[in-house]
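A.B. asks: Here's a structure for you.
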Amino acid sequence: MVMWDAADHRRVMILNFHGIGTPGRMLEPGEERFWVTADRFHEILDTAVRHHRRVQITFDDANASDHEVALPALRDRGIHARFFVITDRIGATGSLDAAQLVDLARHGMKFGTHGATHRPWPELAKAGTLHGELIGSAMRLGAIVGEPIAHAAFPQGLYDRRVLGELRRSGFPNVYSVDEGWNRGSAAMRTRYSVIHSDDAASIRALLDRPTRTTRRWPARALTRAVKRWR
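Here's what the structure looks like:
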């Protein structure tokens, strides 16, 4: 079994998926860009497996396809992934229910919070409600899967200095953006590449072979991260 989060100092690329196949719920504006067909998902996963020493897999939003499509594929390939859950959607149409989350945990999958509401965390931090959102969602998810939740992923990829400070104060040492690029395996702040509908095995192979050729030029990504952290 390929372990998802072996702590080392090698550079790793994190591929992040959202939905697979046909959505079972109404999508948010622009969200369809992040849904891939089942065939594309399998192709991309096979490419990732061939680079498994430096690739990790995550899923955002807790769509039902995480259990229906992703779990069998991950098990077949011996991969452990991490699932970031929007807790207010648990049990809703098209989203994971509690039993499916328990089954994911039973098969060795890991978890993190993606918030309760999917509202941008800078907005909640400004309103003074981010702490409650983080703690409430983590406690609900942890009670279902039977483990403490110490990982968090920014809804819509949005964060700033205030959000990062609240995450530290609230006990989330492991946080995930979608700013792209490589990570040290042991890094606390981790960036991911969000797979989009036009990606295929060839584009992901090119990404893994030449990681600076992603959707933004490398210096632009670094500048984006710095602006987000300090504004």
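Quick note: the sequence shown uses our numbering, first residue 2, plus one each step. Ideal Cβ placement from N, Cα and C applies to all residues, glycine included.
1) Identify which residue in 71, 74, 197 has its Cα closest to the Cα of residue 181.
2) Starting from the C-beta of residue 221, find all residues in its chain whose C-beta is less than 7 Å away, skip the five residues before and the five after it, and write them out in chain order.
3) Runs of 3 residues minimum, wholly inside the stretch 7 to 83: which ones carry the beta strand (DSSP E) assignment?
4) Does the Cβ of residue 73 have 16 or more other Cβ atoms within 10 Å, making it buried, or fewer, making it exposed?
5) I'd like the list of long-range same chain contacts for residue 39, defined as Cβ closer than 6 Å, with 5 residues on each side in sequence excluded.
6) Residue 195 to residue 115, Cα distance in whole Å?
7) With hydrogens ignored, establish whether the beta-carbon of residue 70 is closer than 7 Å to any heavy atom of the ligand GTP.
8) For residue 43, which residues in the same chain have their Cβ closer than 7 Å to its Cβ, ignoring the five residues on either side in sequence?
9) Nearest CA to the CA of residue 11: which residue from 170, 100, 183, 131?
10) Among 200, 207, 175, which one has its Cα closest to the Cα of residue 83?
11) With a 10 Å radius around its C-beta and 16 neighbouring C-beta atoms as the bar for buried, classify residue 51 as buried or exposed.
C.D. replies: In brief:
1) 197
2) Low local confidence applies: a pLDDT of 39 at residue 221 is under 50, so the model's placement there is unreliable, with the coordinate-based value given in what follows. Excluding residues within five positions, none has a Cβ falling inside 7 Å.
3) 12 to 18, 56 to 61
4) exposed
5) 21, 22, 70
6) 15 Å
7) For the ligand GTP, the structure offers nothing, since it holds no ligand at all.
8) Sequence-distant Cβ neighbours of residue 43 in its own chain, meaning closer than 7 Å and more than five residues away, are 74.
9) For residue 11, the nearest C-alpha among the options comes from 183.
10) 175
11) Residue 51 comes out exposed.
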